[in-house]
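Undergrad: Those sequence lines, one after another, are chains A and B. For the first sequence, our numbering begins at 460 and goes up steadily by one. For the second sequence, our numbering begins at 13 and goes up steadily by one. Cβ coordinates follow ideal geometry from the N, Cα and C atoms, glycine included. Only a predicted model underlies this, so the values are computations on that prediction, with no experimental measurement involved.
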Amino acid sequence: MAEEVKVFGAWGSPFSRRVELALQLKGVQYEYIEEDVHKNKSPLLLKYNPVHKKVPVLLHNGKPIAESLVILEYIEETWKGNPILPEDPYDRAMARFWAKFIDEKCLPAIWKAGWSPESEREKPVEEACECLKTLESALGGKRFFGGDKVGMVDIAANFIGYWLRLIQEVTGMELLSAEKFPELFKWTDEFVSCSVVKGSLPPRDKLLAFFKARIAETMD
Amino acid sequence: MADELVLLDFWPSPFGMRVRIALAEKGIKHEYREEDLRNKSALLLQMNPVHKKIPVLIHNGKPVCESLIQVQYIDEVWHDQAPLLPSDPYQRAIARFWADFVDKKIYELGRKIWTTKGEEQEAGKKEFIECLKLLEGELGDKPYFGGENLGYVDVVLVPFYSWFLAYEKCGNFSIEAECPKLIAWAKRCLQKESVSKSLPDQEKVYGFVLQLKKIFGIE
Chain A
460 MAEEVKVFGA WGSPFSRRVE LALQLKGVQY EYIEEDVHKN KSPLLLKYNP
510 VHKKVPVLLH NGKPIAESLV ILEYIEETWK GNPILPEDPY DRAMARFWAK
560 FIDEKCLPAI WKAGWSPESE REKPVEEACE CLKTLESALG GKRFFGGDKV
610 GMVDIAANFI GYWLRLIQEV TGMELLSAEK FPELFKWTDE FVSCSVVKGS
660 LPPRDKLLAF FKARIAETMD
Chain B
13 MADELVLLDF WPSPFGMRVR IALAEKGIKH EYREEDLRNK SALLLQMNPV
63 HKKIPVLIHN GKPVCESLIQ VQYIDEVWHD QAPLLPSDPY QRAIARFWAD
113 FVDKKIYELG RKIWTTKGEE QEAGKKEFIE CLKLLEGELG DKPYFGGENL
163 GYVDVVLVPF YSWFLAYEKC GNFSIEAECP KLIAWAKRCL QKESVSKSLP
213 DQEKVYGFVL QLKKIFGIE
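(1) Can you name, in chain order, every residue of its own chain whose Cβ lies under 8 Å from the Cβ of A/Glu496, other than the five neighbours on each side?
(2) Classify A/Tyr489 as helix, strand or coil using the three-state DSSP reduction.
(3) May I ask you to list, following chain order, the residues of the region 516-531 of chain A that have a beta carbon less than 8 Å from some beta carbon of chain B?
(4) Which residues mark the beginning and the end of the beta strand (DSSP E) in which A/Gly468 is found?
(5) Among B/Lys38, B/Gln82, B/Ala36 and B/Asp48, which residue has its Cα nearest to the Cα of B/Phe27?
(6) Please report the residue range of the alpha helix (DSSP H) in which B/Glu46 lies.
(7) Along the region 537-553 of chain A, what residues have a CB closer than 9 Å to any CB found in chain B?
(8) At the 8 Å Cβ level, is A/Thr593 part of the contact set with chain B, yes or no?
(9) A/Leu660 by DSSP, collapsed to three states: which one?
(10) So A/Pro641 is in the beta strand (DSSP E); what residue range does that whole segment cover?
(11) Since A/Gly606 sits in a beta bridge, which residues does DSSP pair it with?
(12) Once you ignore the five residues that flank B/Asp100 on each side, which residues in its own chain have a CB closer than 6 Å to its CB?
(13) Indicate, with yes or no, if the ligand GDP has a heavy atom lying under 7 Å from the CB of A/Tyr549.
(14) Opposite B/Gly28 in the DSSP bridges: which residues?
(15) Got a sec: which bits of the region 53-78 of chain B sit with their beta carbon under 7 Å from any beta carbon on chain A, in order along the chain?
(16) Name the residues in the region 88-113 of chain B whose C-beta lies less than 7 Å from a C-beta of chain A; which are they?
(17) Please classify B/Arg30: is it buried, with 16 or more other beta-carbons within 10 angstroms of its beta-carbon, or exposed?
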């Protein structure tokens with residue numbers, strides 16, 4: 460039976476792009492369905508993710524899976540080529556730890572810092588910097604979090620690798636710089652230069668315009 | 013070489029209970045060390061510098077942190093005894109989804125119930141019951157979330173049962189009245205030694221919560 464793989468996503472969402480990146484890394488063909496998550500979620504999305512009603516959702520031969528990190532684990536177990544997790548259980552536990560750290564600590568801290576008005580930025584930026592410092596220690600001199608190749612932690616850190624630099628451009632906030640976090644900064648360059656990663660990123664101009672519009676909205 | 017396993021834990025922690033159950037299910041010998049969270053040991057701070065929290069599982073000197081990660085690690089290393097995650101990738105994804113759901117919702121909502129009052133507490137209670145009902149739906153007619161045997165989601169969720177009396181007393185409601193199937197499931201789990209030996213008594217947890225309320229000045 461021909462395999463049917465579909466991804467319900469949103470063009471600007473780092474979570475949905477994680478899923479696409481993993482599938483592309485493993486050479487899995489899939490159909491992409493764009494969801495209007497702000498104004499008009501499709502009945503199919505609500506059917507396949509009734510609990511959270513969010514993107515991304517992976518549909519494999521009619522069976523839905525939600526939550527990007529859960530989807531990444533499924534992709535890893537289903538398509539064995541180009542593994543994104545190490546084989547050793549301890550190393551796997553460490554990779555899961557850092558992916559979770561990114562989702563539960565880094566992303567909320569960065570998001571908060573990015574959208575705080577300039578006058579209230581100091582503390583959120585400090586907290587976000589603490590997160591980045593800790594994350595940088597996880598790199599430990601490697602080219603990628605996954606070692607020589609992009610792995611699950613790199614995929615989970617896609618927001619830091621690409622979205623963050625654009626947010627900094629638009630808000631004038633400085634969080635991740637070559638001076639403050641040389642290793643992590645270098646990793647962002649390595650990450651976006653990867654040919655497979657490049658193909659999985661939303662267009663720069665479109666994302667910049669989206670962020671600028673968002674800022675304008677919050678100022679009103 | 014014999015495996016050396018140390019669990020840094022705190023008796024009322026539902027996250028610690030998850031690890032206790034997983035270790036007991038697989039009959040894994042380990043040393044249990046109680047931490048005083050107001051006076052964290054040097055070992056805890058050294059082994060979990062990022063979060064400084066329990067539980068921490070130290071396996072041959074190497075620390076694993078975060079309870080869901082610890083349970084998966086235990087399942088992978090001691091894969092021959094009492095498997096907790098199913099073998100089919102799709103079933104594993106479903107299990108991980110619900111474990112993630114429990115983590116995102118149950119602890120915070122429970123906390124809301126015992127730390128707030130009035131409208132905020134009512135909202136917490138309502139959402140808490142809604143989440144439990146969703147879990148009941150996922151359980152269906154199965155004896156356990158894992159099917160015929162205790163599985164990953166059972167291990168992740170059942171520790172919160174030890175906090176139910178505290179939630180009920182603080183929130184002035186009955187969880188059993190709203191979610192009888194879930195209570196029946198919890199009692200079924202408690203018939204297993206791995207669970208009954210890992211969960212503290214509900215009255216003991218309630219006493220602990222009352223103490224916390226006093227310390228934090230919550231009425």
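TA: Let me lay it out:
(1) One point to set straight first is that residue 496 of chain A is Val, not Glu, in the sequence displayed. Counting only Cβ-Cβ distances below 8 Å, and skipping sequence neighbours, we find Ala469, Ser472, Lys513 and Val514.
(2) coil
(3) His519, Lys522, Ile524, Ala525, Glu526, Leu528, Val529 and Ile530
(4) Val464 to Gly468
(5) B/Gln82
(6) No alpha helix (DSSP H) holds B/Glu46; the beta strand (DSSP E) holding it covers Glu43 to Glu46.
(7) Thr537, Pro548, Tyr549, Arg551, Ala552 and Met553
(8) yes
(9) coil
(10) Segment Pro641 to Ser652 is the alpha helix (DSSP H) holding A/Pro641; no beta strand (DSSP E) there.
(11) A/Phe603
(12) none
(13) Among the components modelled here there is no ligand, and therefore nothing to report on the ligand GDP.
(14) According to DSSP, B/Gly28 bridges with nothing at all.
(15) Val62, Lys74, Val76, Cys77 and Glu78
(16) Glu88, Val89, Pro101, Tyr102, Arg104, Ala105, Arg108, Phe109, Asp112 and Phe113
(17) buried
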